[in-house]
């Protein structure tokens, strides 16, 4: 069945059941960033394989909305389909499209399990008198043949020596937060938060070691809702020992429906699907806010911090060996972007306790690096040549931490613009890395500090300065955000996030320098500063020394001295010589 046939089948059901439009978002019942193949319904109906987008099908038209990362890819993939590409930020959004195409009192359908409450609220507020049905799963009726099965890998215990806190300790902290807020029931829809709370991990989603699940916590009970086939006797005993009651995954809807009236339920509208919300008794009082467990897991404990230091140390060994391999092999003309990415994975696999990559590696040479989310698998991979710049943004999942790092290295002769832009990016990076800030400061302050050296030169980058990072969980984690948008979440001791400014010149080059840091006490108890986990050499060959102030040079030399001390006992031969070369003072 091709895309046209799938859309025709969908429209037949819409006509038969009096539905005027059908929405297919990119999501699953847990609002996961990365989806199991079973839930790639938007990809199935439209043929567009990007990681973000919304498909809308009416009886006469079909549209696909996606962001700037995917405009070129979407144009190509949608060219032989009935879908028209709508560019987010340039064309009308999909809600405005529905308002234009669907008459008042028209009927719009969607699978409410795969739409967040916050997105549903936005949709409902803007669609006026149009009726939204959230109980319609047409895709499952069409996608019967060759649909991937739901993941069946077993749930795994995540040992306390890695987690740093027991389940009972976490539940105690959570219940104290619930009591403070006057909450009777706390609902957890995000699989990462369930895994964190119960010290469990899984293999349901590539690059994110979680299992599809829900949780519900009361003043004296805790429940885990998961596919019963994923739980063995060891997990049953473990849960019982931690006073966690096991339930079948889909029972969550009945359990939520059974919450007594006048109870107070706390949920995160961004991580709760709308069907959960609609199952609540009308007399239940709902408090909405950031997941309490998200606030908890954002503050890494001392054991997690120590473990992450080890994970990043292993990553540094792998990256140093990798870049030496690249520079040695590039002269042969036999290395392309995908080959290099695969080789980096090999080096990571050599490290103890490595699990998998934490996201698909961005391996981008020359002009390809001007696309911040470039994927060589979606185009013809470029061959690395002994000139210009090569950007690698990559990460790993280890039992003792999740890593993320971006470096740009010189492969030979560079242009003046490449050197200037590299040096400005480095200045922006150092500005944020050396910032000291008052308690209560939010991420938007650090974002402004980081952008300032670029803004002075009339330059900027079209993404956030940084994102939170999970502990053997998602490589992107909230609730804090280092970006222009102030989410109102203060930066606190123990928070872990990236600092990754960049400059992107279309058709020429792209530069991004990223380290992962954590917040520590500074001058006194009222001030914080940043301490890096990442100690991987920053290439100084593209640096214009005259553009750096002495304090910036001092920071860079000190950083490289630590890199050298950390790694020299772990490397030998040519790899060690490469380390010494890359960490020479400037």
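In our numbering, the protein residues as written are 22 to 607. Quick reminder that beta carbons are idealized off the backbone N, C-alpha and C, glycines included. Model, not experiment: these values are computed from the prediction.
Please work out which residues of its chain come closer than 7 Å, Cβ to Cβ, to residue 293, disregarding the five sequence neighbours upstream and downstream, and give them in chain order. Excluding residues within five positions, the ones whose Cβ falls inside 7 Å are 137, 138, 208, 210.
Contained alpha helix (DSSP H) runs [length at least 4] in the segment 259 to 343, N- to C-terminal order: DSSP runs (the alpha helix (DSSP H)) wholly in the segment 259 to 343: 272 to 278, 295 to 300, 313 to 319.
Same chain only: Cβ atoms within 8 Å of residue 179, ignoring 5 sequence neighbours per side: Only 216, 220, 221, 222, 493 meet the Cβ criterion.
Would you mind stating whether residue 428 and residue 366 have Cβ atoms separated by less than 8 Å? Taking 8 Å as the Cβ cut-off, residue 428 and residue 366 do not qualify as a contacting pair.
With a CB to CB cut of under 8 Å and the five nearest residues on each side skipped, what residues in its chain are close to residue 301? Within the same chain, 277, 278, 280, 286, 307 come within 8 Å of residue 301 by CB-CB distance, once the 5 residues on both sides are set aside.
What residue from 331, 446, 182, 452 has the CA that sits closest to residue 417's CA? Taking only the C-alpha atoms, the option nearest residue 417 is 331.
Residue 616 (DSSP reduced to helix, strand or coil): What is shown of the chain runs 22 to 607, which leaves residue 616 out entirely.
Is DSSP giving residue 377 helix, strand or coil here? Under the three-state reduction of DSSP output, residue 377 falls in the strand class.
DSSP three-state label for residue 352, please. Looking at residue 352 - three-state DSSP - the assignment turns out to be helix.
Going along the chain, which unbroken runs of the beta strand (DSSP E) with 3 or more residues stay wholly within the segment 511 to 595? Runs of the beta strand (DSSP E) inside the segment 511 to 595: 517 to 520, 523 to 526, 530 to 533, 536 to 542, 548 to 553.
By how many angstroms is the C-alpha of residue 347 removed from the C-alpha of residue 601? Looking at the two C-alpha atoms, the distance is approximately 17 Å.
Quick one: give me the first and last residue of the beta strand (DSSP E) that residue 385 is part of. Run containing residue 385: 383 to 386, per the beta strand (DSSP E) assignment.
Just verifying my parser: in three-state terms, what is the DSSP assignment at residue 244? In the structure shown, residue 244 sits in a strand (DSSP, three-state: E or B).
Considering only their Cβ atoms, is the gap separating residue 38 from residue 80 smaller than 8 Å? Not a contact, by the Cβ cut-off of 8 Å.
From this set, 299, 185, 432, which residue's C-alpha is nearest residue 344's C-alpha? The shortest C-alpha separation from residue 344 is found at 432.
Residue environment, residue 542, which counts as buried when at least 16 other CB atoms sit within 10 Å: So residue 542 counts as exposed.
Quick one: residues in its chain with C-beta nearer than 8 Å to the C-beta of residue 566, no 5 flanking neighbours on either side, listed in chain order? Same-chain partners within the cutoff: 574, 607.
Determine, using beta carbons only, whether residue 205 and residue 284 come nearer to each other than 8 Å. Result yes, Cβ atoms of residue 205 and residue 284 sit closer than 8 Å.
Looking only at its chain, what residues have a beta carbon closer than 6 Å to the beta carbon of residue 263, apart from the 5 residues adjacent to it on each side? Close CB contacts of residue 263 within its chain, under the 6 Å cut and outside five residues either way in sequence, are with 188 (chain order).
Burial state of residue 424, where buried means 16 or more other Cβ atoms lie within 10 Å: By the neighbour-count rule (16 or more Cβ atoms within 10 Å), residue 424 is buried.
Residue 96 by DSSP, collapsed to three states: which one? Assigned with DSSP and collapsed to three states, residue 96 falls in helix.
Can you list, in chain order, the residues of its chain whose CB lies under 7 Å from that of residue 455, leaving out five sequence neighbours each side? Answer for residue 455: 576, listed in chain order.
Residues of its chain near residue 121, where Cβ-Cβ distance is below 8 Å and the 5 sequence neighbours each way are ignored: Listed in chain order, the non-local C-beta contacts of residue 121 below 8 Å within the same chain comprise 113, local neighbours out to five positions each way being set aside.
Mind checking whether the beta-carbon of residue 240 lies closer than 7 Å to any heavy atom of the ligand NAD? This structure simply doesn't include the ligand NAD, nor any ligand for that matter.
Do you know offhand how far residue 598's Cα is from residue 396's? Near 32 Å, if we compare the C-alpha coordinates of residue 396 and residue 598.
Report the partner residues of residue 618 according to the DSSP bridge assignment. There is no way to answer for residue 618, as the model of the chain reaches only from 22 to 607.
Determine the DSSP secondary structure at residue 464, reduced to helix, strand or coil. Helix.
Would you mind stating whether residue 587 and residue 334 have Cβ atoms separated by less than 8 Å? Yes, the Cβ-Cβ distance between residue 587 and residue 334 is below 8 Å.
Please list, in chain order, all residues of the same chain as residue 525 whose beta carbon is under 7 Å from its beta carbon, the five residues on each side excluded. For residue 525, where only same-chain residues beyond five positions count, the Cβ hits under 7 Å are 391, 393, 482, 531.
In chain order, which continuous runs of the alpha helix (DSSP H) of length 4 or greater are located wholly inside the segment 124 to 205? Within the segment 124 to 205, the complete alpha helix (DSSP H) runs of at least 4 residues are 138 to 147, 159 to 163, 181 to 184, 188 to 201.
On a CA-only basis, which of 31, 177, 26 is nearest residue 159? Give me that one, please. Here the closest residue by C-alpha is 31.
Buried or exposed: where does residue 519 fall if 16 or more other Cβ atoms within 10 Å of its Cβ makes it buried? The Cβ neighbour count for residue 519, taken over all protein chains shown within 10 Å, is at least 16; the residue is labelled buried.
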